[in-house]
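Chemist:
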Amino acid sequence: TRVVADMRNLIFKRLLNQSLVFYGKADVGQLISRCIQDTGQIQSGVSNSIADLTSCPFQIAGCVGFIIFVSITNNNFVLLGTILGAGLLILLPLVIIGKKVRTVFQVSNQRIAEVISRMHEVFSGIILVKAYHTESKEYNIFSKINKTFFGSLIRAMKASLMMSPLTEFMGVA
150 TRVVADMRNL
160 IFKRLLNQSL
170 VFYGKADVGQ
180 LISRCIQDTG
190 QIQSGVSNSI
200 ADLTSCPFQI
210 AGCVGFIIFV
220 SITNNNFVLL
230 GTILGAGLLI
240 LLPLVIIGKK
250 VRTVFQVSNQ
260 RIAEVISRMH
270 EVFSGIILVK
280 AYHTESKEYN
290 IFSKINKTFF
300 GSLIRAMKAS
310 LMMSPLTEFM
320 GVA
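Position in the sequence shown (first residue = 1) + 149 = my numbering.
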């Protein structure tokens, strides 16, 4: 958590030091999303990865060691080759699905940036919105953007939730 907080500070400091030309081209929502959303996902990923990395190598080494031991003691090298070969084939779908999950989350991050950007834009120009009585128009635009974000978030969550059972199934297989 401290690393992520420090990272957020560094990102913010780096953004503050950018030129006005940069800010003329940059989307404010995207910048805010990078500072908040991306660092939060890094925090979640690092937390889960550390927990997995500390236990998984021992589990994998134990399983592979047991398979090798049983195969050698029973002189069954065909079984050993089959199991280890199948293990490598099982990793392939996990890698492919992992890439798809990453892509879905990147789209979701872009959508939250659009939501934040729209909110920032409207709130920054609230005087004009009130002066021209465009509250309902702005609400409708925001509602559409938020609905798009919701859809991408649901897709990201479904993809993420499928990874755990798929990983378990592949492990059992």
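We treat Cβ as the ideally placed atom computed from N, Cα and C, and that holds for glycine.
Using CA coordinates, which residue listed in S168, I185, G178 is at the minimum distance from I160?
Modeler: Counting from one through the sequence shown, the residue named residue 160 turns up at place 11. Comparing Cα-Cα distances from I160 to each of S168, I185, G178, the minimum goes to I185.
Chemist: If contacts are defined as beta-carbon pairs under 8 Å, then L238 and T316 qualify, I think. What distance do you get, rounded to the angstrom?
Modeler: Your numbering for residue 238 matches position 89 in the sequence shown. Your numbering for residue 316 matches position 167 in the sequence shown. Incorrect: roughly 15 Å between the Cβ atoms, too far for contact.
Chemist: For H282, name the three-state secondary structure that DSSP assigns.
Modeler: Walking along the sequence shown from the start, residue 282 turns up at place 133. DSSP places H282 in coil when its eight states are reduced to three.
Chemist: Terminal residues of the continuous alpha helix (DSSP H) containing A175?
Modeler: For the purposes of this step, residue 175 is taken as the residue at position 26 of the sequence shown. Run containing A175: none; DSSP gives neither H nor E here.
Chemist: Alpha helix (DSSP H) containing N158: first to last residue?
Modeler: Along the sequence shown, read from residue 1 onward, the residue named residue 158 stands at position 9. Taken as a continuous stretch (DSSP letters only), the alpha helix (DSSP H) holding N158 covers 151 to 165.
Chemist: Provide the residue span of the alpha helix (DSSP H) that contains Q259, from first to last.
Modeler: The sequence position of residue 259 within the sequence shown is 110, counting from 1. Start and end: 226 to 273.
Chemist: Based on Cα-Cα distance, which residue from I209, Q179, G247 lies nearest to P314?
Modeler: In the sequence shown, residue 314 corresponds to position 165, counting from 1. It is G247.
Chemist: Check S168 in the structure and name its three-state DSSP category.
Modeler: Working through the sequence shown from its first residue, we reach residue 168 at position 19. In the structure shown, S168 sits in coil (DSSP, three-state: anything other than H, G, I, E or B).
Chemist: DSSP state of N295, grouped into three classes?
Modeler: The residue given as residue 295 occupies position 146 in the sequence shown. If DSSP states are grouped into helix, strand and coil, N295 belongs with the helices.
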